[in-house]
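J.:
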Amino acid sequence: MRALHVVKFERSMKVLGIETSCDETAAAVYDTERGVCSSVLFSQIPAHHAFGGVVPELASRSHIEKIPHIVSEALTTAFCDASEVDVVAVTTRPGLPGSLLVGVCFAKALAYALNRPIVGVDHLEGHIASAYLEQVVPVPFPHLCLTASGGHTALYIVHDYGTYELLGRTADDAAGEAFDKVARLLGFGYPGGAVIEQRAKEGGFQDYRAYPRMRHRGMSFSFSGIKTAVLYDLVQRGYYDLQAKKVVRIDERNTIEVASSLLVAIGDIFLDRIACALAEHAVKGITFVGGVAANRYLTQRIAQFAREHGYVFASPSPCYCTDNAAMIAYVGHYRAQRALFDTLAVDIAPRT
Ligand code: KG4
Ligand code: ZN
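Its first residue numbered 27, the sequence shown is counted upward by one per residue in this note's numbering.
1. In three-state DSSP terms, what is Thr117?
2. CB of Ser88 to nearest heavy atom of ligand 1: below 7 Å?
3. Leaving out five residues on either side along the sequence, give the residues of the same chain with a beta carbon under 6 Å from the beta carbon of Val66.
4. Pull up the CB-CB distance for Leu170 and Val309, whole angstroms please, since I reckon it's below 8 Å.
5. Counting pairs of Cβ atoms below 8 Å between the stretch 156-171 and the stretch 118-136, do you hit three or more?
6. Answer yes if the stretch 271-280 comes into contact with the stretch 333-342, meaning at least three C-beta pairs across the two stretches below 8 Å, and no otherwise.
7. Tell me which residue opens and which closes the alpha helix (DSSP H) that Arg225 is part of.
8. Quick one: measure Cβ to Cβ for Ala303 and Ile222, integer angstroms, because I've assumed they're closer than 8 Å.
9. For a test of your reading of the model: does the CB of Ser175 fall under 7 Å from any non-hydrogen atom of ligand 2? Yes or no.
10. Determine the direct distance from the alpha carbon of His178 to that of Ala201, and round the result to whole angstroms.
11. In the DSSP assignment, the beta strand (DSSP E) including His185 goes from what residue to what residue?
12. When you compare each of Leu172, Ile354 and Glu228 to Thr325 by their alpha carbons, which one comes out closest?
13. Do Arg119 and His153 have their C-beta atoms closer together than 8 Å?
14. Would Tyr356 and Tyr158 be called neighbours here (beta carbons separated by less than 8 Å)?
15. Going by DSSP, which residues form a beta bridge with Ser86?
Right under this line is the structure:
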């Protein structure tokens, strides 16, 4: 049951955020007066590393084990007793079903025990809101938001808190997935974005290979072609054995050149899509969020573009780019201020 009216909390509001949609168990406390008071996270990356991607069963089991400790730590770090929590916010969609269920069931039990309202949060809305977490001056509405993570790449016009319009999304792989898949081709583990950035830096962010920039219809993205272009480039040069499905004899210099060229190409694709969106929509700012926004090269390119064209630019610190619960708590606070609560019947919606 939802109602729309602005609720006046007599004192500052404390929101406990919980995030378990994929391979991070995270909890955070957001206070309307003090901002982010804690943001605690257990990353399962080492557990999935050897498999080259997230193993859903391992992910849910790890969430079950870690969530009580992570929530306790978030409360302790924020000097917040559980009884002081005003609202519980939890990611309900999209994500791995088993992982989402752990966070949602824990949040429901907590909200029930504390007799506090619960807010179900869309993970992607959380990423959009992550751009506001550290801003002293609010990012003006409407603004264009580029969200790029391991599972999603999309452009939105954000009209207000929680009111956003999808302009386009990826037709195939997400940008983060392209980094992860190329990293795997090169023989690195999962996730691959950070290591690709490191190698690209060693290559001076030069475009050695001129991989094709896929132009897609409308405002959508496409990244599977670039991954295939890298694959055939490696095969042609004798660095990848298609039958054995593994990298062979690639030297450091070529690894650097592939990584650098991939990053420059993805930067070009981002800027091309952003420019297309701005040609059709009048906005005041640009935000860049999601795990891929932890990439300093990409952030700097988009920031420079925004500066040159007179737009306000915001992108979170790397710790709020990748999955975290502070962004979930932040969405919880503005929903709670409008009394957009859910009931304890709130369910997960893995695919929306
Ligand atoms: O937002 P996120 O933590 O999880 C999802 O919701 O998917 O994003 C993870 C993605 C991974 O694909 C990872 O390779 C990418 O973000 N990533 C990066 C960097 N750090 C993480 N991509 C490019 N450069 C980075 N520095
Ligand atoms: Zn995410």
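Don't be surprised by glycine CBs; every beta carbon is placed ideally from N, CA and C. A quick note: this is a predicted structure, and the numbers were derived from the prediction, not measured.
T.: Result, derived from the coordinates:
1. strand
2. no
3. Ala53, Ile96, Glu99 and Ala100
4. 5 Å
5. No contact exists between the stretch 156-171 and the stretch 118-136.
6. no
7. Gly219 to Glu228
8. In fact, because the Cβ distance is near 25 Å, the residues do not count as touching under 8 Å.
9. yes
10. 7 Å
11. Start and end: Thr179 to Asp186.
12. Leu172
13. No.
14. yes
15. Per DSSP, none; premise fails for Ser86.
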